[in-house]
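Working notes, structure below.
Numbering (the UniProt record's numbering), first residue to last: 1 to 189.
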C-alpha cells in the first residue's frame with residue numbers, strides 16, 4: 001500500500017522533502033524585565049511543525065509564550081518578563097515532518113538594566129495607538145538611540161514586517177546597524 005501511495009505521489013509530481021528553514025532565530029541580548037521574541041519558519045512536504053526546546057526540553061513557563069502561524073510551520077517564542085539567569089540559555093527551533101527533522105539554535109543573554117553598557121540600544125519614543133479611517137494612510141513613529149545607531153524592526157501579529165513584501169503599502173526609513181525592537185499590533189484587514 002505504501003508503495004502504491006508513493007508511486008501515485010511521484011506520478012502526480014508530489015515529492016516529499018525534509019523541512020528546510022526559511023527564517024531562523026538570531027542570537028539576542030535582552031534587558032532583565034524586558035521582552036524578546038525569537039522567530040522561526042520552515043517549509044517542507046508535508047508541511048513541517050515548528051517547536052521550541054530549551055536544554056533538550058519543550059519550553060513551558062507562564063512567562064514563555066509560543067505563538068504559531070501557518071498551521072505550525074511558523075512559530076514565535078516570546079519571553080516576558082526576562083529573568084536572569086533563569087532565561088539565559090540556548091533555545092532550539094525544531095522543524096519536523098514525516099520525512100525527519102532539522103534544528104537551529106540561538107543564544108539568549110540577559111543584562112540587568114543597571115548594568116547596560118554605554119551605547120546599548122534604547123527606545124526613546126514608541127509608537128502611539130492611532131485610529132485611522134479605512135483606506136487612509138497612517139504614519140507610525142518610533143525613535144531609538146544607541147551606538148552604533150539601532151535598526152528599528154516593526155512587527156504585526158508578533159511577526160516582523162517585511163516592507164518589500166507589502167506591495168508598497170508599508171514603507172520604512174533606513175536606520176543603523178544594531179537592533180532595537182518597536183512592537184505594534186496592526187488590525188488584520
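Even for Gly, the Cβ is constructed at its ideal location relative to N, Cα and C.
Selection 55, 80, 56 evaluated against residue 66 yields 80 as nearest (Cα-Cα). For residue 40, the enclosing beta strand (DSSP E) has its first and last residue at 36–45. For residue 18, the secondary structure class from DSSP, reduced to helix, strand or coil, is strand.
With respect to the 8 Å criterion, residue 97 and residue 23 are not classified as neighbours on the basis of their beta carbons.
The straight-line gap separating the alpha-carbon atoms of residue 148 and residue 99 is approximately 44 Å.
Here residue 84 is near residue 112, since their CB atoms are less than 8 Å apart. Beta-bridge annotation (DSSP): residue 104 is paired with 93. Beta-bridge annotation (DSSP): residue 73 is not paired with any residue. Secondary structure at residue 68: strand, using DSSP grouped into helix, strand and coil. A contact between stretches requires three or more CB pairs, one per stretch, nearer than 8 Å, and the region 26–41 meets this requirement with the region 112–123. Proximity of the region 119–128 to the region 136–144 meets the contact definition, three or more beta-carbon pairs being nearer than 8 Å. Just measuring C-alpha positions, the residue of 164, 16, 44 sitting nearest residue 95 is 44. For residue 151, the enclosing beta strand (DSSP E) starts and ends at 150–156.
Note on geometry: alpha-carbon atoms of residue 133 and residue 25 lie some 36 Å from one another. In this structure residue 57 is not in contact with residue 89, their Cβ atoms being roughly 11 Å apart against a cut-off of 8 Å. If you ignore the 5 residues before and after residue 68, its C-beta comes within less than 6 Å of the C-beta of 75, all in its own chain and listed in chain order.
In the structure shown, residue 164 adopts helical secondary structure according to DSSP, grouped into three states.
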